[in-house]
Amino acid sequence: MCKTTINLAKTNLRHLQVPYVLTGILAGIIAVQMLVFVILGQAGMDVNFQSLISVGNFLWLLPLLAAIFIPARNFRRVINLGGKRENFFWGSLMAYSVLAAIVSLANIVIFYAIDRPVIRAGHFHPFHPFEPGAFVMSEPGHIGGVANLVEVFGWAGNGMLLAFLQQFALLFLISAFVHTLTAIQVKWYGWVADVALIAIISVFTPIPVLRRALVWFFNLIIFHDVAVLQVAACIVLALGIYMINKPVLARRAI
Amino acid sequence: MIKIKNATKQYGNTTAMDRINLEIPQSGIYCLLGRNGAGKTTFMKTLAGHIPYTGGEITINGQRVSPGKMPECVNYIESGSVQFNARVASLIDTAAKLQPDFDRDFALEMAHRFELNTSKRFKHLSFGMKTMLTAIITLANKSKVILLDEPTLGFDAIMRSHFNTLLLESYRQHPRVLIVSTHLIDEIAKVTENLIIIDKGKLLLEASIDDIDEKAYTLSGAADVINPLLGSLNCIGRTEVGSLIAAHIYDNRITPPQGVTVDRMSLQDFFINIVGGNSHV
């Protein structure tokens, strides 16, 4: 990989202040909320019926926002600094890989080091030790828990490494998809893509046959039993979608 | 180096570039002139591969230019370009990392010479300083072709003089093709060697400044003496006051008959006349 492409990826990662700040603020608010619950739980106060959304989930916002800001904001600035489109194409992809890996790793750490052992077992679930796959949102009469997408999507049961890879692959796919969708908004086919997406969701959902196709698709990229297949599907799909950017970027005016 | 054959660019029904043929075989500072909307920016962006052309062919160093294949040896920048809101020094560093042929020392030296505060963030710079920084970043690139679109927009007289120095210094250190579009004709004439004039998307003229200095002149005198001379001369404009006439010529010099004076035509007057802005009676 050429040095200029790596430098472009670094430039992209360095100039994502808004996504960093927004993600930081949201994650910070949730972290403080969690801390308050933990303190209350430790103090013996009644925290029944409370369930929390893990801080780690909010980190997903970072690659999502980055995939909007990089094509919409950074592209022009990179070109104005003498960057080449080819380098921007690969450099952005590299930036998404790094962000997806960092967020996936951070969420895995949060899930295994904080969500599961400390909050749920220690403060929210003191009488019922954690059982794999026994995720319970707050049911009436039960003690609530902390919801982390690693568990919601059923990746936790596959072990730490596979869970990391599964999350990485899905985040990578989301980034590639959002980047492409953002990049094409300046063209007529961007609007066509928007309408097509809305149509897919609204038409596929009520019709059973199409709904099954939709379920099959989401099962493949998120919930598939065979983790390796899910990872492979996400990465292949992400690269396929991202390749659409090649001609789009070539024709994009600055 | 640059070959443009019948290059055409259309935006719907509007023709921004109309079958332009031009060859720039060697290094030099070229001034691109044209009225507002003449097609200068389109011409430059097309040359840089930022926008596709709809007809003809553009090649640079034998490589066909297209947006999918922006020539590596071309660097284009427009005035008022947005940049990351980073410190000046950081922007220069970033540019150096994104461009393999970037002359970082030149950029820092020029930033120092033109009193750019390298610790200031981009958005805290004045408009003129922003433009100067962008020009420095562009000129510090060792690309074979540099395209500067209205780089002195928003500059005061001193800044314009600084910019001309920067342009000459850059050319002295790295001789290459520098194409500068501007409206400040007489000022750029101090540094440019060649003139390219575009009007309504068409190439009107490509000539050296020396050639224009030699061939562009004004004949003044009585109309009945001047008018017979104009039949064999390329008259690009005329101004009549009563029985007196001032004819603006772009042709070989003649020996004026008695009663006719020959004056040098300023570049600005030449431009105004050649684009048809001063042909009135």
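Protein sequence lines, in the order shown, are assigned to chains V and E.
Letter by letter, the first sequence follows residues 1 to 254 in the working numbering.
Letter by letter, the second sequence follows residues 1001 to 1281 in the working numbering.
C-beta atoms are modelled at their ideal positions from N, C-alpha and C, and glycine is treated no differently.
- Here the C-alpha atom of Gln1173/E lies approximately 39 Å from the C-alpha atom of Val98/V.
- Going by beta carbons, Gln1083/E and Asn219/V fall outside the 7 Å limit.
- With respect to the C-alpha of Leu173/V, the residue from Phe223/V, Ile235/V, Arg73/V and Asn158/V having the closest C-alpha is Ile235/V.
- Ranking Tyr1217/E, Ile1188/E and Gln1258/E by CA distance to the CA of Arg1238/E puts Tyr1217/E first.
- Collapsing the DSSP output to three states places Thr1041/E in a helix.
- Cβ neighbours of Leu105/V within its own chain (closer than 7 Å, five residues either side excluded): Phe164.
- When C-alpha distances from Arg73/V are compared across Ile221/V, Ala156/V and Thr11/V, the shortest belongs to Thr11/V.
- Interface flag for Asn80/V against chain E is set, since a Cβ pair is found closer than 7 Å.
- The Cβ atoms of Ala1222/E and Ser1208/E lie no closer than 7 Å to each other.
- Annotated three-state conformation of Lys1144/E is coil, per DSSP.
- Between the alpha carbons of Pro19/V and Ser1170/E lies a gap of roughly 38 Å.
- If you compare the alpha carbons of Ser175/V, Asp115/V, Lys187/V and Trp188/V with that of Tyr242/V, the shortest gap goes to Ser175/V.
- Taking a contact as a CB-CB distance under 8 Å, the pair Ala1107/E and Ile1137/E counts as one, their CB atoms being some 6 Å apart.
- Closer than 8 Å at the C-beta level to chain V, one finds these residues of the stretch 1091-1119 of chain E: Leu1091, Thr1094, Ala1095, Lys1097, Leu1098, Gln1099, Pro1100 and Phe1102.
- For the alpha helix (DSSP H) assignment, the uninterrupted runs of no fewer than 4 residues enclosed by the stretch 1075-1109 of chain E are, from N- to C-terminal side, 1088-1098.
- Two segments are said to touch when three or more pairs of C-beta atoms, one from each, lie closer than 8 Å; by this definition the stretch 1025-1043 of chain E does not touch the stretch 223-237 of chain V.
- Closest in alpha carbon position to Ile110/V, among Ala95/V, Phe88/V, Leu149/V and Gly83/V, is Leu149/V.
- Of all residues in the stretch 1240-1268 of chain E, none comes within less than 9 Å of chain V when Cβ atoms are compared.
- In this structure, DSSP gives Val1275/E a state outside helix and strand, which the three-state scheme calls coil.
- Contact between the stretch 1046-1063 of chain E and the stretch 1002-1013 of chain E is present: 3 or more CB-CB pairs across the two stretches fall below 8 Å.
- Where His179/V is concerned, the enclosing alpha helix (DSSP H) starts and stops at Met160 to Ala183.
- Against Met1070/E, the close residues of chain V are Lys84 and Arg85, in the order they occur along the chain (beta-carbon pairs closer than 7 Å).
- Around Ile68/V, no beta-carbon contact reaches into chain E at under 9 Å, the shortest distance being about 17 Å.
- Closer than 7 Å to the CB of Pro1067/E there is at least one CB belonging to chain V.
- Taking each of Ile68/V, Leu65/V, Ala67/V and Ser92/V in turn and checking the Cα distance to Val78/V, the smallest one comes out for Ser92/V.
- The alpha-carbon of Ile1212/E is positioned some 16 Å away from that of Leu1203/E.
- When C-alpha distances from Arg1104/E are compared across Ala1140/E, Asn1164/E and Lys1130/E, the shortest belongs to Ala1140/E.
- The distance from the Cβ of Val248/V to that of Ile184/V is about 6 Å, consistent with a contact at the 8 Å cut-off.
- Looking at the DSSP output, Thr1014/E bridges to Tyr1011/E.
- Counting every other CB atom within 10 Å of its CB across the protein chains shown gives Val195/V a total below 16, marking it as exposed.
- As for any alpha helix (DSSP H) of minimum length 4 sitting wholly inside the stretch 1192-1243 of chain E, the runs are 1209-1215 and 1223-1230, ordered along the chain.
- Per DSSP, reduced to three states, the secondary structure at Glu1150/E is coil, with no helix or strand assignment.
- Comparing C-alpha distances from Ser1079/E to each of Lys1144/E, Asp1149/E and Arg1121/E shows the shortest one belongs to Asp1149/E.
- Under the DSSP assignment, Tyr1030/E falls in the beta strand (DSSP E) whose first and last residues are Gly1028 to Leu1033.
- Under the DSSP assignment, Thr1059/E falls in the beta strand (DSSP E) whose first and last residues are Gly1055 to Ile1060.
- In chain order, Phe1114 place their CB closer than 6 Å to the CB of His1162/E, counting only its own chain and leaving out the 5 sequence neighbours on each side.
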